[in-house]
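Report on the following structure.
Okay, here's the thing in structure tokens:
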């Protein structure tokens, strides 16, 4: 969210007398990480009219949507599946109608919302997205102009917190399929979470059993798998694409062992993992060896492992304390989402979209289950 042009307020419905603005010094309405701390929408509602205001309604809505437009001859078949992730309404009644030019708002967000995204498969005319909108309606004392309404797109970004890197071991023996003979043993350490814009390092160890086998080239790559499904005819559109890759020459072999670290730069413009009703986005880290010394041309080695791509911050970037509730607005405090649970130790377990693990938040500590 650093590009100023990408953070201009996008209006769904405009009104000459009513508009939204960011708080000074910010280019987003979001505060917090959507999961590890209390998160809020913060900003200003600006009224340029002259009428007295009786009340203000705020509506916040999030939708997961999948759309497919199928054309055949003169026939157009439009499938549009939508699932409402959140719908919140807050009404502000003033005891006495007042003249308001700038209304500062701040209200809490549920803790398990996913990041906004928009994906498209142009070859199949398929679109998938998560979109959040914020709408405000003011009610005046005027008979001729009793209300004004404005609506904007309100993109959100989920951020995960990490203070150390967790690796998943991948080990085994690669065999010559035709001769049923072992060729080498392999051991990889795969990072479980890949952060947007970071460079990962994958330690590998190869122990050669057949010393005639040579590794000519090593490739490490990240593949993205997107699935968009539709209820009406149970259609599933699946797309696989290579997001990034790097070719490496093998290091020197010592005592029939190759030990090396494979580095890969993760693009910062990828969509993060998501598992929803109609849309799934997941990633696989792939390692491929080009081998020589084998007669069978299909004996090259290939291994892949599921990983999680996320927007990750370290401990020093953790900005909002869990105990800091002094600035809560009485505008609205959301209750836990239906997929959240409160246990006996006053710990709120938050399900993170697209992640198998849960994040536990207590009043005094942060831990990962």
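Numbering (our numbering), first residue to last: 3 to 371. We put the CB at the ideal spot given by N, CA and C, even for glycine.
Cβ-based burial, residue i [other Cβ within 10 Å; buried from 16]
{"i": "residue 14", "result": "exposed"}
{"i": "residue 18", "result": "exposed"}
{"i": "residue 269", "result": "exposed"}
{"i": "residue 242", "result": "exposed"}
{"i": "residue 84", "result": "exposed"}
{"i": "residue 10", "result": "exposed"}
{"i": "residue 166", "result": "exposed"}
{"i": "residue 114", "result": "buried"}
{"i": "residue 184", "result": "exposed"}
{"i": "residue 192", "result": "buried"}
{"i": "residue 267", "result": "exposed"}
{"i": "residue 101", "result": "exposed"}
{"i": "residue 41", "result": "buried"}
{"i": "residue 215", "result": "buried"}
C-beta atoms of residue i and residue j nearer than 8 Å
{"i": "residue 132", "j": "residue 119", "result": "yes"}
{"i": "residue 158", "j": "residue 32", "result": "yes"}
{"i": "residue 258", "j": "residue 213", "result": "yes"}
{"i": "residue 248", "j": "residue 211", "result": "no"}
{"i": "residue 263", "j": "residue 286", "result": "no"}
{"i": "residue 190", "j": "residue 204", "result": "yes"}
{"i": "residue 274", "j": "residue 227", "result": "no"}
{"i": "residue 60", "j": "residue 176", "result": "no"}
{"i": "residue 121", "j": "residue 136", "result": "no"}
{"i": "residue 172", "j": "residue 305", "result": "yes"}
{"i": "residue 111", "j": "residue 43", "result": "yes"}
Residue i versus residue j: straight-line alpha-carbon distance, rounded
{"i": "residue 22", "j": "residue 240", "result": "38 Å"}
{"i": "residue 162", "j": "residue 106", "result": "28 Å"}
{"i": "residue 148", "j": "residue 66", "result": "33 Å"}
{"i": "residue 319", "j": "residue 35", "result": "The predicted model places residue 319 with a pLDDT of 48, which falls under 50 and marks its position as unreliable; any figure quoted below should be read in that light. Approximately 10 Å, taken between the alpha carbons."}
{"i": "residue 202", "j": "residue 265", "result": "6 Å"}
{"i": "residue 315", "j": "residue 50", "result": "39 Å"}
{"i": "residue 225", "j": "residue 244", "result": "4 Å"}
{"i": "residue 104", "j": "residue 88", "result": "27 Å"}
{"i": "residue 28", "j": "residue 294", "result": "56 Å"}
{"i": "residue 271", "j": "residue 195", "result": "16 Å"}
{"i": "residue 12", "j": "residue 117", "result": "17 Å"}
{"i": "residue 353", "j": "residue 39", "result": "Residue placement at residue 353 cannot be trusted, given a pLDDT of 34 that sits under 50; what the coordinates show is reported in the next sentence. Taking the straight line from one Cα to the other gives about 13 Å."}
{"i": "residue 236", "j": "residue 81", "result": "11 Å"}
{"i": "residue 252", "j": "residue 289", "result": "13 Å"}
{"i": "residue 26", "j": "residue 109", "result": "17 Å"}
{"i": "residue 457", "j": "residue 169", "result": "Because residue 457 is not part of the residues shown, which for the chain are 3 to 371, the question remains open."}
{"i": "residue 278", "j": "residue 229", "result": "10 Å"}
{"i": "residue 64", "j": "residue 98", "result": "33 Å"}
{"i": "residue 276", "j": "residue 250", "result": "31 Å"}
{"i": "residue 261", "j": "residue 208", "result": "7 Å"}
* Asked: Curious, which full-length beta strand (DSSP E) runs of at least 3 residues does the region 168-202 contain?
  -> Runs of the beta strand (DSSP E) inside the region 168-202: 169-178, 183-193, 195-197.
- Message: Could you tell me which whole beta strand (DSSP E) segments of length 3 or greater appear in the region 213-252?
- Response: Whole beta strand (DSSP E) segments, 3+ residues: 216-231, 238-250.
Problem - Start-end ranges of the beta strand (DSSP E) lying completely within the region 23-96, minimum 3 residues - result: Whole beta strand (DSSP E) segments, 3+ residues: 41-49, 55-74.
Are the region 45-59 and the region 137-145 in contact at 8 Å, needing three or more beta carbon pairs? yes
- Entirely enclosed beta strand (DSSP E) segments - the region 266-306, minimum 3 residues: 281-294
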